[in-house]
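To keep things clear, I will list the structure first and then write my remarks on it.
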Ligand SMILES: Cc1ncc(COP(=O)(O)O)c(C=O)c1O
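Residue numbers (our numbering): -17 to 259.
Okay, structure coming up:
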């Protein structure tokens, strides 16, 4: 298996269970991916696995690059669409649809735990792969299935996504509004392309403190620190929703700005480190 170095932890677990050799390429670096593919014997089965939308920084995989190389080096492609389902593509169909490459992706995996607000997940692939998994995937065979209520909740959410496209529009309007406001405060906003918006703090301890201060102000965000990311990339992950009102987003921005000033985030490095000595 050939994995993007920022693939989700569940893919790492899956790669261990596959008993295959695992190679990792630098994040979204197609030259590095090609260097690895070149070294692998043509007769071996190879599969490139990438997140459609990367879970911590919200950027999108280079699916054109990946499928092009897969074709050239006879590799399979799997996309983990956990964060793209309901977000990218026509009616939220996901990353492959967003790029018009659905036919070039061999396996699309999705979870019900994000935009579908339930638990469980799915594999979309040809019948041979699906049959194989049904009979060989140990986690599937030796663990209980999801409860009917969770399946029904996921199906109902899917119907809402398909029949109420105004929600997708609201999601993207809210996202661009938030990106613009955060940029105005002074945050780097050049990585994310989706409603997962990273606010780079670039210091583990300060990331926790920033999160705590925001929580005290009534804003809930997730701190992302090492080992999930390198400590100089530590960040606060904001997840924007279709149902956030403009009033709520403005309030969040106001409070983020307050906390930025409180901790002196954009002050000279010496001053800001001094605060935590
Ligand atoms: C990219 C990605 N894949 C898979 C998962 C696992 O999803 P679940 O919690 O539904 O097992 C997550 C959850 O955080 C994720 O972010």
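Idealized CB from N, CA, C, for every residue including glycine.
message = Only counting the same chain, and skipping five residues up and downstream in sequence, which positions put a Cβ closer than 7 Å to that of residue 84?
response = 78
task = Buried or exposed for residue 53, please, with buried defined as at least 16 other CB atoms from any protein chain shown within 10 angstroms of its CB.
result = exposed
query = Pairing CB atoms from the region 216 to 226 with CB atoms from the region 183 to 195, are three or more of them under 8 Å?
reply = yes
key: residue 243 to residue 200 span [Cα, whole Å]   = 17 Å
task = Enumerate in chain order the residues of its own chain whose CB-to-CB distance from residue 206 is below 6 Å, with the five nearest sequence positions on each side excluded.
result = 38, 217, 219, listed in sequence order.
query = How many Å lie between residue 296 and residue 41 at the Cα?
reply = Nothing about residue 296 can be reported from this structure: the residues present for the chain run from -17 to 259 only.
query = Should residue -14 be listed as close to ligand 1, given that the test is whether its C-beta is under 7 Å from any heavy atom?
reply = no
query = Pick out every residue whose C-beta is nearer than 5 Å to a heavy atom of ligand 1: which are they, in chain order?
reply = -10, -8, 33, 37, 62, 64, 93, 95
message = Using only the alpha-carbon positions, how far apart do residue 73 and residue 143 sit?
response = 7 Å
request  = Identify every residue that forms a DSSP beta bridge with residue 7.
outcome  = -14
ask   = Which same chain residues, not among the five before or five after residue 234, have their C-beta less than 6 Å away from its C-beta?
value = 201
ask   = So which of 240, 229, 56, 76 has the shortest CA-CA distance to residue 64?
value = Ranking the options by Cα distance to residue 64, first place goes to 76.
Through-space distance from residue 34 to residue -12, alpha-carbon basis = 11 Å
inquiry  = I'd like to know if the region 13 to 28 and the region 105 to 125 are in contact, where contact means that at least 3 CB-CB pairs between them fall below 8 Å.
reply    = no
key: For residue 118, the nearest candidate out of 0, 175, 229 (CA to CA)   = 0
task = Ignoring anything shorter than 3 residues or poking outside the region 10 to 54, list the beta strand (DSSP E) runs there in chain order.
result = 29 to 33
inquiry  = For chain D, check one thing: does any of its Cβ atoms lie closer than 8 Å to the Cβ of residue 236?
reply    = In summary, chain D is missing from the structure at hand, where a single protein chain is found.
task = Return the Cβ separation of residue 222 and residue 177 in integer angstroms, given the expectation that the two are a contact with Cβ distance under 8 Å.
result = 4 Å
message = Between 246, 249, 66, 89, which has its C-alpha nearest residue 95's C-alpha?
response = Per the Cα distances, 66.
ask   = For the candidate residues -9, 225, 107, 169, whose alpha-carbon lies nearest to that of residue 209?
value = Distance from the Cα of residue 209 is smallest, within the candidate group -9, 225, 107, 169, for -9.
key: Outcome for residue 28 when other beta-carbon atoms lying within 10 angstroms are tallied against a minimum of 16   = Under a 10 Å Cβ-count criterion, residue 28 is classified as buried, with 16 or more other Cβ atoms of the shown protein chains found around its own Cβ.
key: C-beta contact flag for residue 338 and residue 98 at 8 Å   = The requested residue 338 is not part of the displayed model; the chain covers only -17 to 259.
request  = Specify the secondary structure class of residue 132 as computed by DSSP and reduced to three states.
outcome  = helix
query = By a C-beta neighbour count over all protein chains shown, 10 Å radius and 16 as the cutoff for buried, is residue 259 buried or exposed?
reply = For residue 259, the predicted structure reports a pLDDT of 27, less than 50, and the residue's modelled location is therefore unreliable. A value from the coordinates is still provided. That one is exposed.
key: 7 Å CB neighbourhood of residue 81 in its chain, flanking five on each side removed   = Excluding positions up to five away in sequence, the list reads 45, 46.
message = Could you tell me the alpha carbon to alpha carbon distance between residue 138 and residue 249, rounded to whole angstroms?
response = 48 Å
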